[in-house]
Structure formats: structure tokens, C-alpha cells
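What follows is a short report on a single structure.
Residue numbers (my numbering): 31 to 838.
Here it is as C-alpha cells:
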């Protein structure tokens, strides 16, 4: 069976960013001849700047500017030499001043990303382990990831979850010398902080625990000499703690700084730290500006600047408390996050604020989960009280309008962020006039003719096919085989269907679409814990069916409203069922639907390719061969036709109990050997239901006696086929004896016999479904790229992402 390509995380991020750019909220260019920090020019319009990370405004300080200019005139634009050989003349002064700030040895790096790449592989030994906070900055995750090649285990915990961290410590402590927990001091999206003091208490309990903080967003505005939030909480720097600060952002210059009190560790990093050795050093202008900023940090002036910023932060907090805006984290940091939930609501809200004259940032995936999109507002000393008040008033006015314009509700946003509203959630009812909803839990409550007119030719989910699935997968003792069904039909005032689909609520293996190597490792763990990485999912269609599960009349003037109404029904199911993930599948590529799903908080995932023969006309084998391409004909003559004589082919609509047992074992062989699409085995009773159903039949390959080890004819392959209410033949799944698989080309022979059988029954199409598209294409099938749209909750696939080396 052909392998399935794993989904590419970067493809998802690219889609998100491309869409945000198209919406006018990302990849913008500032314009104007000068910048003041207070305002920023976008598209020729001057906007009040509430998106800066220069919280103290030092990037506009005249002393820093003049120092940078003087350094360029004295030393040039750069010092093109590795620091390993010679440092720039100003470097020693900068290092001395930053060391004085922290009271401990420091290392200056080009930026924090290169700093992490240089430091982490140097301080973490092969005997250590790493635990990452789920929300730690990408630069830390990226620098840690290569250590997997040195067999250093890298695990994740949910954000700031110390109970989960302690569990990891217990599991890792007996096997590893040090356990490094890596986190941000202050998180850049929500403005929330690491529980530094609690982590120190945990490290006292577990001496193997070492702490690694990226505190670039906590720098300058907090701590003694502006050394940051983490240093403010620690007071003194213990030997088992490393802290990264920044010389850019709030510091006003460029570069980053790492400090630790362990002199031996400091020497090791400085001697050889990857990019610290081979990368170019900071430009003279950056070093000089950093020295000027360090002088400010070492003086009492830094506390005056911190106090001025705190006054603005407190003022904004006071104003927000009088509103019911969904502030995600109440704190004293200069970072504020107003949740919007869906990306489309965030786009709308940001654009409204831009038109009012305020520049803010949009928090997007992967910095936050897709359904936790929101507006990030940063307060700086540049912002004046009257502008802060005006921004608050603009948000209060436009936020409900952004919700209404995007068919969102305040209660849904508050629920997405687990917030409590200060006022009753009386969200305005959505306008779905002209549409009616029928939502049923059994296909028996749906009109058979109506359903088959919409889905009769689409797969094993015509009316009688769904009756079969309900009998097989409801009221079962096994959780994995006990599903809930939900059928949705949305009609207009003339009782004409505009949209129809069905959903199932069932347990999935979270690694269903993971690389085969990952699934094999997970299956080893499932031998001890069968429920490992298994979660309830609300999915369009079911794990048994493949194909286009959504009927939508896009020519109807109310089709978009019908889509909104479908989401509304799914939201209600989400609230009552609380699945770990919601999935819409299987779609062909459609830019309109792609944008629609993404805007509503779903990201696209590439599914295995689907294959079908859409226009089947069978006369005989010779006629079939002539319709194949020249390459496919050669394949047929070499790998299919010569082996047909090795088999006796039998078609049966009913099978005995003995045959049922045998065919199920053949099916399990395929399941065990094909983890590319990793799902639970179907129950044995499924075959018994098939045998009783008029629409199911079995294509059985009996290998002739002269070719078998037993010297008697034995069944070595079976295709389980469904004939739906239309003219489509569906080979739903397959069983094969792997002892003879390769030597007699069983898989290819079953595909051909399926085509032959469908043709003889005068079926006009064959739906081959997912996987092994390359093999099916050789026999004349058309290959179709399929995608799904998913929305995962925070408790879904965290450990799976660890194993796949992914990020949040």
C-alpha cells in the first residue's frame, strides 16, 4: 500500500499568513520620512501606534540615536569579523555595562534567535532532557529541536501547567542528569507571565530541574536596572537558571543578552556556541546605541521611565475594567489581548480600528490557536492618555459591530477563552430568516427520497448505507465502535435543500494522518494503554465513509447564510458534546470554501489523495485495455494480466461464519501493515451485517492449489464492495494475505477485478477512496487531491506534536 505524505505545518502557516495579508492586516509597509514612535504611517494615513514592542520608547531617545551616528562615522557601518577572533572596540564596554546590570557574566548575541541556537545545544548535554512550555517562543522550540538527533528527549506541557511539569519530572528524573524546563518570562501575545516563584519552589523539590527563560518581552520595563520580569521575580540569579534578555525591543538598540551565574557554564558557551562563533557580530551603531541605553538602565532614570509606563498601563487597565471587552489576561504588563475567536472577526475588528486611526496587531496561528485569534495591543511611553482613552472608546463601539458583521457572538468568544462576562451574554440573534433547519439523530427521521436525491451516488452514505452504519456502530459496548450520528438539512422557504450533510461523534486515533513511523511508535505504547492519544472528534461524515459529505447549492442566493447556519448548529453540538476536535471533510480544492473555513477558525489539512473512475463503460478486458494510457497498458500486461490465471474469482453476496472469520483476519493484516492512515479496526460484526445487506458483496480471490504452500486453493484476497442508490460502485475496504501479496500481485488483481465487476454490473463510476492513489491511477483511475478543515482544542494532540517535532 502506498504511503501517505504527512501534513506540512509550514503549509498551514503559509495559508494563514497569506489570508491575513489579503485581508490587509499582515505584511504591511510603514511609510513616511520620519518615525516618532507615537504614530506610524500605513497607506498614507497616520495612525496612533499601539503595536510597538519598544515599551519604554528608547528607540527614539536622542542619546541612543546620536551614539549610533557617532559610531558609524568613527567605525563604519559594520565590523566584518567573527567575535571568536576579534571583537569590535566598543564590545568590551557594552559587556562590562550589561554585566554590571545583571551582576553576573553575560554573553551578547546578534539576536535572540541566533542566541538560542548557540546556547541551547551548548548547555544541554546528551544525558539531559528538555521540557517545553507549549507557548514558549518559536525560537526556543526551533533551537531545541535538533537535539533530538542526539537522543535528547524533548517533551511539552500545557501552558504554565506545573502539575503536568511535575509529572514529567517524575518520569524523566531516573533516566536523565538534568531536566531543562524552557519558558518565556513574559509571553508576547497574552502578556501573561511564567510562574517564576512557583518554578523555583519546584526546583527546590527536584534538584535536577534547570530553568531556561526567554524574557525578551519582560526586559527594561521591569526589574532592577531594567533586567526584566524574571530577574524581578528572582532577585538573585541561581546557578540552575539561565535568562535571555534583549538589547532590541524595549532596550532600544539591537542584539540579545544571555546571563547565568554559573561561571563554568558561561565559559563553555562563550568558548564555542555555534552562531556565537561563526555569525557576524553586532554593527558598531547597534553596539553604541546599546551602550547608551545601558547607561540609562544603570542610572535611576530607568525607574522614572518604568513608572511613567506603569501609569499608562494602569490607566488602560482602569478603562478596560469599565468595558465588557474580552481581555484575555489581566496583568500589569504592557501587553493586552482582546479575544475575537474567529480570524474573520479579528480581520474585521483590526480594519475597523485602522479606519479609526489606530494601529494594533492581530494575534494569529501559530502564535495562538486558530480559534483564539485576537487583537494584541501594546502600550508604550509614546502613547498619551487621551489616545489610550480614544482607542478604548473605539474598541467598545466597533467590537460588537465586528461580531455582528462576521456572524459571531460574544458568548462564543468568551467561551473560547474560558472567560466570564461582566454583563449577561445577550448576544444578538443571528439572522437566518428564510432558512429552516432539520437536525436528526437517525437517518430514519429523514425522508429517504430527499436524502438519496442529494447523496445517492456519493458513496456508502446513501439512505440504506447509513441505515447499515447505524446498525453497525450504535448501541455498542465498545467505545471505539459506538458512534453518534447527526443529520443536517437546511432548506429555503420553498422547501428546497440548500445544504445537507451528516456528522458523527466518535473516538479517533490522534495520529490518524501522522507519518507511519510516528504511528508505529504510538502503537507500541497502545499495547499497554489502548486509549493512548485517542480523543472524541465531531466529524463531517464518518471514519467508515469517504467522499464529498457536504451538499451545498452554491448557485442559491442564501448558500453563505446556510453555511453560517451549519456552523451555528455545529457550535451547539460542540457545546453539548465537547469534542477534542471538529473536522469538515473531504473537499476538493476550492478557494472560496478554503477562505470561508479558515476565517471561521479552521485550518486546512491535506488528506490522502482520492481516486475514482468517473465514466466507466465496460465491454470486455480488451476494450478496457485500449482506453488506458500506453504506460498503464504496459503495467497491466506486466503486473495484472499474467496473474489473473492464478486465481479463481468468486463473487458472493452472503458469506458463512467461517468465511467471515477468515476475511476479517485478512482485513486485519492490511490494517496492521498500513499505518499511513491509522484507524481503529472495525468490529467483526461488520462483516455479518454486510452479509445480510442487499447492497454489499464480496469479491474473493482464491489462489489456485498449485501455487499455495498448502497445495489447496485458499482465499488470499477479498474486496468488500458497496453498490449505492445511484450508479456508483464502492470498494470500501480490502483484506489480503501478505504471505502471497507480492509474488502474485494480489492488490493489483483485486483492483482490476473490482473494475471488471463494476463494469459487468453496468455501474457508471467507481469510488476507490483514499490511499494508494498511484496504484489506482495505473488502472485508469483519476486522482483527486482532498483536504479537510480542522479545529483542535488545547487538549488535542499535544503529545503527538512532540513526536512529530511540530510547534504550537
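Even for Gly, the Cβ is constructed at its ideal location relative to N, Cα and C.
Cβ atoms of residue j and residue i: under 7 angstroms apart, would you say?
i	j	result
residue 758	residue 701	no
residue 546	residue 706	yes
residue 187	residue 194	yes
residue 717	residue 752	no
residue 367	residue 358	yes
residue 570	residue 507	no
residue 69	residue 79	yes
residue 443	residue 219	no
residue 212	residue 236	no
residue 327	residue 135	no
residue 501	residue 719	yes
residue 537	residue 527	no
residue 691	residue 775	no
residue 799	residue 646	no
residue 405	residue 379	yes
residue 744	residue 733	yes
residue 173	residue 137	no
residue 215	residue 361	no
residue 387	residue 77	yes
residue 87	residue 71	no
How would you label residue i, buried or exposed, when you count the other beta carbons within 10 angstroms and need 16 or more for buried?
i	result
residue 168	exposed
residue 631	buried
residue 163	buried
residue 874	Outside the displayed span of the chain (31 to 838) sits residue 874, for which this structure offers no information.
residue 840	Not covered by the structure: residue 840. The range shown for the chain is 31 to 838.
residue 524	exposed
residue 602	exposed
residue 793	buried
residue 783	buried
residue 12	Nothing can be reported for residue 12: it is not among the residues displayed for the chain, which extend from 31 to 838.
residue 255	buried
residue 99	exposed
residue 270	buried
residue 375	buried
residue 414	exposed
residue 555	exposed
residue 448	exposed
residue 761	buried
residue 34	Bear in mind that a pLDDT of 40 at residue 34, under 50, signals an unreliable position, so the number given afterwards is only what the model happens to contain. It counts as buried.
residue 499	buried
What is the C-beta distance between residue i and residue j, in whole angstroms, given that I count them as a contact (C-beta under 8 angstroms)?
i	j	result
residue 286	residue 139	5 angstroms
residue 567	residue 611	5 angstroms
residue 332	residue 124	With a Cβ gap of about 17 angstroms, residue 332 and residue 124 do not count as contacting.
residue 250	residue 85	7 angstroms
residue 756	residue 495	Actually they do not touch by this definition, with Cβ atoms about 11 angstroms apart.
residue 258	residue 245	4 angstroms
residue 818	residue 637	5 angstroms
residue 158	residue 102	Not really, about 43 angstroms apart at Cβ, beyond 8 angstroms.
The beta strand (DSSP E) with residue i in it runs from where to where?
i	result
residue 272	271 to 276
residue 732	726 to 733
residue 406	403 to 408
residue 370	365 to 371
residue 187	184 to 187
residue 762	758 to 766
residue 129	Segment 121 to 132 is the alpha helix (DSSP H) holding residue 129; no beta strand (DSSP E) there.
residue 677	677 to 682
residue 622	That residue, residue 622, is in no beta strand (DSSP E); its alpha helix (DSSP H) goes 621 to 629.
Tell me where the alpha helix (DSSP H) around residue i begins and ends.
i	result
residue 168	168 to 174
residue 2	Residue 2 is absent from the structure shown; the chain starts at 31 and stops at 838.
residue 672	671 to 674
residue 235	226 to 235
residue 782	776 to 790
residue 743	It is not in any alpha helix (DSSP H) - residue 743 carries neither H nor E in the DSSP assignment.
Would residue i pass as an interface residue toward chain C - the criterion being a Cβ-Cβ separation below 7 angstroms?
i	result
residue 282	Annotation note: the requested chain C is absent from the structure, which comprises a single protein chain.
Would you say the beta carbon of residue i is closer than 6 angstroms to some non-hydrogen atom of the ligand GDP?
i	result
residue 700	Among the components modelled here there is no ligand, and therefore nothing to report on the ligand GDP.
- Query: Between the region 646 to 656 and the region 608 to 626, do three or more beta carbon pairs fall short of 8 angstroms?
  - Reply: These segments do not touch.
- Message: Below 8 angstroms, how does it come out for the region 634 to 647 and the region 808 to 818: are there three or more Cβ pairs, yes or no?
- Response: In short, these stretches touch, since the Cβ pair count reaches three.
- Query: Would you call the region 414 to 429 and the region 575 to 587 touching, i.e. three or more CB-CB distances under 8 angstroms?
  - Reply: In short, these stretches do not touch, since the Cβ pair count stays below three.
- Message: Contact between the region 472 to 485 and the region 554 to 561 is defined here as three or more beta-carbon pairs at a separation below 8 angstroms; is this criterion met?
- Response: In this structure the region 472 to 485 does not lie against the region 554 to 561, because fewer than three pairs of beta carbons, one per stretch, are closer than 8 angstroms.
- Task: Decide if the region 113 to 131 is in contact with the region 337 to 344; the criterion is three or more beta carbon pairs, one per stretch, under 8 angstroms apart.
- Result: At 8 angstroms Cβ cutoff, the stretches do not touch.
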